[in-house]
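Notes for the one structure printed next.
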Amino acid sequence: MNKIKVIFLLIILSTGALIYSLNTKSENLEVYFLDVGQGDAILIKTPQGQNIVIDGGPDNLLLYELGQALPWWDRTIDYLVISHYHADHYMGFPELLKKYKVKNVLVTAHEPNDLLYLIWQEALSDYNLNPKIVKVGERFVIDSDLSWQVLLADDSHEDFNDNSLVLRLSYKETDFLFMGDLPIAGEEKLLSLGFDLRSEVLKVGHHGSKYSSGEAFLAAVEPRVCVIQSGIDNKFSHPHPEAIERFKQIGCSIEDTQNKGTFKVISDGRQVLFDTIP
Ligand SMILES: [Zn+2]
Ligand SMILES: [Zn+2]
């Protein structure tokens with residue numbers, strides 16, 4: 020009798036989970052800009068059900084934010100991307116490996132000689148993960164509607180920001196450009212490579228620093244939404260008024276985690292929509 024009750028309960032629970040998951044599946048691409056204080060952390064939920072994380076912020080706030088954005092049973096990260104090896108972009112990741120199953124790690128060939136990198140290498144080996152070093156121009160195709168391309172992946176600059184991995188994600192007619200902390204010199208290199216940079220959504224370089232987001236670069240991207248990930252009262256005073264002025268001049272709407280907390284930008288493939296998280 021008890022066994023039958025348990026079986027019934029399991030059937031009811033699994034049916035409920037199935038209905039819930041069908042309801043939450045959508046045709047939309049959802050890009051969450053997670054509020055992890057001063058640092059970058061981005062979660063991309065694809066219409067096909069994959070999770071892509073670009074950068075992991077400085078600490079365990081990442082886990083809290085991912086827990087809010089993903090349902091409890093979804094513990095798989097299909098792609099984990101590190102833009103560059105500054106603490107505010109990847110020190111949330113060692114803890115993430117303990118809680119989530121990570122399938123692929125994408126990085127540049129940069130190998131810093133510091134303690135943080137050592138901690139990260141140990142975490143990777145604990146979970147038998149071998150990062151894949153990406154190449155400029157390389158394209159990752161999820162299906163005919165969704166793919167992303169590596170636009171820059173330098174590895175030998177002294178300033179880690181110059182080694183930022185730049186990605187452009189395309190869903191049907193909409194594009195998202197993720198800049199890491201790339202400064203203007205890197206933007207100039209990017210412009211010289213001749214990629215199509217036009218993107219509806221730009222995750223601006225280096226938390227809105229005045230040394231990123233140059234005029235020529237912004238003119239090539241023509242973003243409608245400029246996203247700044249920065250923390251309240253951060254010691255770098257990011258974002259800088261000069262950068263803000265440049266965003267205003269091209270007429271993009273400025274969305275920042277500092278003032279709005281975590282938010283998402285949704286794409287149906289034709290248009291993008293800003294959405295706050297209650
Ligand atoms: Zn940074
Ligand atoms: Zn940096």
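Position one of the sequence shown corresponds to residue 20 (the numbering used here), numbered consecutively onward. In this text, a Cβ means the ideal position worked out from N, Cα and C, and glycines have one as well. None of the values given here were measured: they were computed from a predicted structure.
In whole angstroms, what separates the C-alpha of residue i from that of residue j?
i	j	result
Glu241	Ile63	22 Å
Phe112	Gly75	6 Å
Ala60	Lys24	44 Å
Ser40	Leu89	In this prediction, Ser40 scores a pLDDT of 48, lower than 50, which makes its location untrustworthy; the coordinate-derived value is nonetheless stated afterwards. Answer to the nearest angstrom: the Cα atoms are 11 Å apart.
Leu171	Ala128	12 Å
Asp97	His108	18 Å
Gly156	Val169	5 Å
Phe197	Val50	11 Å
Pro150	Val126	6 Å
Phe214	Trp92	39 Å
Leu134	Gly199	21 Å
Ala262	Ser228	6 Å
Leu115	Ala142	10 Å
Leu82	Leu237	32 Å
Lys191	Glu219	12 Å
Ile251	Lys22	54 Å
Tyr119	Val72	12 Å
Phe293	Cys245	11 Å
Gln290	Ser256	32 Å
Asn42	Phe282	Caution is warranted here: a pLDDT of 46 is assigned to Asn42, below 50, making its placement in the model unreliable, and the coordinate value is therefore given only provisionally. Spanning the two alpha carbons is a distance of roughly 21 Å.
Cys271	Ser144	42 Å
Ile273	Pro66	26 Å
Lys117	Pro260	39 Å
Ala2	Asn147	Absent from the model: residue 2. The displayed extent of the chain is 20 to 297, so no value can be given.
Pro297	Gln277	15 Å
Ile285	Asn47	6 Å
Met94	Gly86	As written in the sequence, residue 94 is Arg, which differs from the Met given in the question. When rounded, the distance between both Cα atoms is 9 Å.
Kindly examine ligand 2 and report whether one of its heavy atoms sits closer than 7 Å to the Cβ of residue i.
i	result
His259	no
Phe179	yes
Asp200	yes
His105	yes
Between which two residues does the alpha helix (DSSP H) carrying residue i extend?
i	result
Thr276	Thr276 to Lys279
Gly205	Ile203 to Leu212
Val153	No alpha helix (DSSP H) contains Val153, which DSSP labels as neither H nor E.
Ile138	Leu134 to Asp145
Lys267	Pro260 to Gln268
Ala128	Looking at the DSSP string, Ala128 is not in any alpha helix (DSSP H), and its letter there is neither H nor E.
His226	Here His226 belongs to no alpha helix (DSSP H), and DSSP marks it neither H nor E.
His176	No alpha helix (DSSP H) contains His176, which DSSP labels as neither H nor E.
Leu89	Counting along the chain, Leu89 falls outside any alpha helix (DSSP H), and DSSP gives it neither H nor E.
His108	Ala106 to Tyr109
Run through the DSSP bridge pairs and tell me what residue i is partnered with.
i	result
Arg158	Gln168
Lys283	Tyr51 and Asp294
Ile96	Val121
Ile73	Ile61 and Val100
Ser272	Val244
Leu221	Leu196 and Cys245
When you compare the CB positions of residue i and residue j, do they come within less than 8 Å of one another, or not?
i	j	result
Pro202	Ser231	yes
Thr182	Asp174	In the sequence under discussion, the amino acid at residue 182 is Asn, which differs from the Thr named in the question. Yes, these two residues count as a Cβ contact at 8 Å.
Asp287	Ile247	no
Leu212	Ala239	no
Val124	Leu165	no
Pro77	Tyr104	no
Asn253	Gln57	yes
Val121	Leu80	no
Leu184	Val153	yes
Asp194	Arg158	no
Using only the heavy atoms of ligand 1, determine whether one of them is closer than 7 Å to the beta carbon of residue i.
i	result
His176	no
Asp133	no
His108	yes
Asp54	no
His226	yes
Gly58	yes
Identify the continuous beta strand (DSSP E) that holds residue i and give its terminal residues.
i	result
Leu188	Val185 to Tyr190
Phe197	Thr193 to Phe197
Within 7 Å: the Cβ of residue i and any heavy atom of ligand 3?
i	result
Ser144	The model depicted lacks ligand 3 and carries ligand 1 and ligand 2 instead.
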